[in-house]
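What follows is a short report on a single structure.
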Amino acid sequence: MLLLRNISLLQFKNYKQSEFRFDRRLVGICGRNGVGKTNLLDAIYYLCFTRSYFTKSDALNQSQGSAGFRIEAAFSLGNQHEAVLCILRENGKKEFLRNGEGYEKFSDYVGKFPCVMVAPDDLHMITGGSEERRRFLDTLLCQLDPNYLKCLIKYNRTLQQKNSHLRALAEKRQDDNQLLDVYDSQLMESGNSIFQKRKEFTSGLIESIKKFYFEIAGRPEALELDYESQLLERGFDQLLKDSRERDLITQRSTAGIQRDEIEIKLMDQSFRAIASQGQRKSLLFAMKMAEFEILKKEKGFAPILLLDDVFEKLDEGRMSNLLNWACIRNEGQVFITDTHCQRIIREFQELGVEGQQIHL
Ligand SMILES: Nc1ncnc2c1ncn2[C@@H]1O[C@H](COP(=O)(O)OP(=O)(O)O)[C@@H](O)[C@H]1O
Ligand SMILES: [Mg+2]
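Residue numbers for the sequence shown follow my numbering, so the first one is 143 and each next one is one higher.
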């Protein structure tokens, strides 16, 4: 069983210097708006993923007016004690240490402490563009396979280089195919690994999402999810050859795994176009539960579940079932935030679990 025992924050967002101890599997964090509930969950997420759930920019995570931050924490995993230290130095350099040992590559660290976040804005995963669903898929795969994250970093870096080269060529009105060929062969190398992994993995993921969705909805609905990729139709080599002319005209790489999508349909129509608010929420919960279940199965222990403002913004009715499922049936540690302390206390009582309450 994975448990976060304590966390101390220095210059992280609104926390100048704070320490929290956790002694239960169910932790309720309550307080009025703006007091730092989401930030505390994000600090936990940061420890697991080496980045914030909400922003790519580390500068936004350091307390305003300060340079750098520090997050220190202790987990227990079975009878093993795990000490983690994250330092963002004043010069922007980031370090992660686990039991005193630093990590050369963060991809080797991500996944050691698996975690699933559910936040109100996650509904974008269903209503937003394809990058939201790719991010969902990538977040899960990165925790399962360090090599996947390495390939993804490599691919995105090459993609940026290729795009800036395409822009430079357009400015100079040249076409330098040689360098484009080099970029393309690099894209193929990392991109093919990413594609293979996504293809292998998504069928199980989709089955799991559908299973949870039908459970939550209480009846079978005509829900279909499909992994779509240009690479399902053509080899990467051919795909890049075919898109070269278009890339030069549009000055960006128009083909590849950056266009992958998980298409969602209800009764053969676009889910986001026809699904009700309730159906969207059900699907969001189903996706997160599938993520949780797969992580548990692969790691052999439940991930930490972070639930931000779910009572208020997502669904009070479905929450009890989710808490029961994650905390009791799956023995996972759950952190849940709410503006109403009473609502959390009532929920704990109904579950029959002695939870810890933190008033911020
Ligand atoms: N980098 C930062 N430095 C200082 N304060 C910050 C920073 N980022 C966010 N905050 C502050 O944190 C508060 C919001 O915290 P948040 O965790 O979202 O609150 P809650 O979830 O309890 O409503 C706001 O008052 C915001 O100004
Ligand atoms: Mg909040």
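Here a beta-carbon is modelled for each residue, glycine too, at the ideal position from N, C-alpha and C.
Look at Gln-393 here: in three-state DSSP terms it is coil, with no helix or strand label. Rounded to whole angstroms, the Cβ separation of Lys-441 and Pro-256 is 6 Å, and the two are in contact under 8 Å.
Under a 10 Å Cβ-count criterion, Ala-415 is classified as exposed, with fewer than 16 other Cβ atoms of the shown protein chains found around its own Cβ.
Annotation for Gly-420: the continuous alpha helix (DSSP H) segment containing it runs 419 to 441. Under DSSP, Ser-150 takes part in a beta bridge, and its partners are Glu-161 and Glu-214.
Less than 9 Å divides the Cβ of Tyr-355 from the Cβ of Glu-363. Listed as beta-bridge partners of Tyr-188 by DSSP are no residues whatsoever. DSSP, read as helix, strand or coil, puts Gly-346 in helix.
In this structure, Asp-402 sits near Ser-272, with a CB-CB distance shorter than 9 Å. Here the distance from the Cβ of Asp-451 to the nearest heavy atom of ligand 2 is below 8 Å. For Leu-291, same chain residues with a beta-carbon under 7 Å away, outside a window of 5 residues either side, are Ser-249, Val-252 and Cys-284 in chain order. A heavy atom of ligand 1 is found nearer than 8 Å to the CB of Arg-174. Relative to Ile-470, the option among Arg-167, Asn-156, Ser-160 and Gln-328 whose CA is nearest is Arg-167.
Exposed is the label assigned to Gly-242, since fewer than 16 other Cβ atoms lie within 10 Å of its Cβ. The straight-line gap separating the alpha-carbon atoms of Phe-191 and Leu-294 is approximately 15 Å.
Here Gln-204 is buried, its C-beta having at least 16 other C-beta atoms within 10 Å. Annotation: Gly-459 is outside any beta strand (DSSP E); the continuous alpha helix (DSSP H) that includes it extends over 458 to 465.
CA-to-CA, the gap between Glu-492 and Lys-235 works out to about 46 Å.
The residue among Arg-309, Arg-315, Tyr-297 and Arg-376 with its C-alpha nearest the C-alpha of Asp-326 is Tyr-297.
The beta carbon of His-307 is closer than 8 Å to those of Asp-318, Leu-321, Leu-322 and Tyr-325 in its chain, skipping five residues each way along the sequence. With a cutoff of 8 Å, Thr-269 does not count as near ligand 2, since its C-beta is closer than that to no heavy atom of the ligand.
Excluding the 5 residues flanking it on each side, Thr-344 has same chain C-beta neighbours closer than 6 Å at Tyr-369, in chain order. Taking Leu-367 as reference, the option from Asp-384, Gly-360, Ser-385 and Leu-347 with the minimal CA-CA separation is Leu-347.
Residue range 483 to 493 is occupied by the alpha helix (DSSP H) that includes Glu-489, with no beta strand (DSSP E) assigned at that position. Distances between the C-beta of Lys-179 and the heavy atoms of ligand 2 include at least one below 8 Å. Rounded to the nearest whole angstrom, the CA to CA distance from Arg-231 to Phe-211 is 7 Å. Remark: C-beta atoms of Ala-428 and Glu-357 approach each other more closely than 9 Å. Rounded to whole angstroms, the separation of the alpha carbons of Pro-262 and Gln-393 is 36 Å. Separation of the CB atoms of Glu-161 and Asn-175 is rounded to 23 Å, and the pair is thereby denied contact status at 8 Å.
By the neighbour-count criterion, in which 16 or more other beta carbons inside 10 Å mark a residue as buried, Gln-206 falls on the exposed side. When distances are taken from the beta-carbon of Asp-184 to the heavy atoms of ligand 1, the shortest one is below 8 Å. The beta carbon of Lys-155 sits closer than 8 Å to at least one heavy atom of ligand 1.
Remark: C-beta atoms of Val-169 and Leu-502 do not approach each other more closely than 9 Å. Distance from the Cα of Asp-480 is smallest, within the candidate group Asp-451, Phe-278, Gly-459 and Gly-494, for Asp-451. Beta-bridge partners of Lys-236 (DSSP): Leu-230.
The beta carbon of Ser-462 is closer than 8 Å to those of Glu-489, Glu-492 and Leu-493 in its chain, skipping five residues each way along the sequence.
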